[in-house]
Structure formats: C-alpha cells, structure tokens
Amino acid sequence: MTRLRQPERKVLDTLVDAGVARSRADALMWTVRLAGKHSEQWLTELREAMSKVDDLRSEGPKI
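For the sequence shown, this note's numbering assigns the number 390 to the initial residue and increments by one for each residue that follows.
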C-alpha cells in the first residue's frame, strides 16, 4: 500500500468505520473509483493529450 499521511488515512478510516468499505484498501479503491467517475471528461482529455505527445515523440528525431 502506498504511504499516506494522517489526514488521508483518517478519510479511509472514516469510510471503514461508517461501513462504506470493509478495509482501508477497499476504501481507497472506492475513493479512486469515485474520483474517476466525477472527472471522467478531464481524464479522457488527459489521455488524448498524452497520446498526442506519444505520437509527436515517435515522429521526432531518433537519438
């Protein structure tokens, strides 16, 4: 598991204590899914931009 600071662990523990998640790992998964759901348009735009960067890199000079 990644290292989280106390405030982030407190959020996960709150989700576990409230019965939203069974464990910190489940709470983290729930949080990531929620964030992805609410920012899907932004994530899509980011993925498209990253793809364009990859295309430009492949067209650039070979070192």
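Glycine included, every Cβ here is placed at the ideal spot set by N, Cα and C.
Since we're looking at a predicted model, the values are computed, not measured.
For the pair residue 416 and residue 410, the CB atoms are nearer than the 9 Å cut-off.
Counting only runs of at least 4 residues, the region 400 to 432 fully encloses the following alpha helix (DSSP H) elements, listed from N- to C-terminal order: 413 to 427. In the three-state scheme derived from DSSP, where H, G and I count as helix and E and B as strand, residue 441 is classed as helix.
It is roughly 30 Å from the alpha-carbon of residue 408 to the alpha-carbon of residue 430.
Judged by beta-carbon spacing, residue 422 lies beyond the 9 Å limit of residue 398, meaning their Cβ atoms are not closer than that value.
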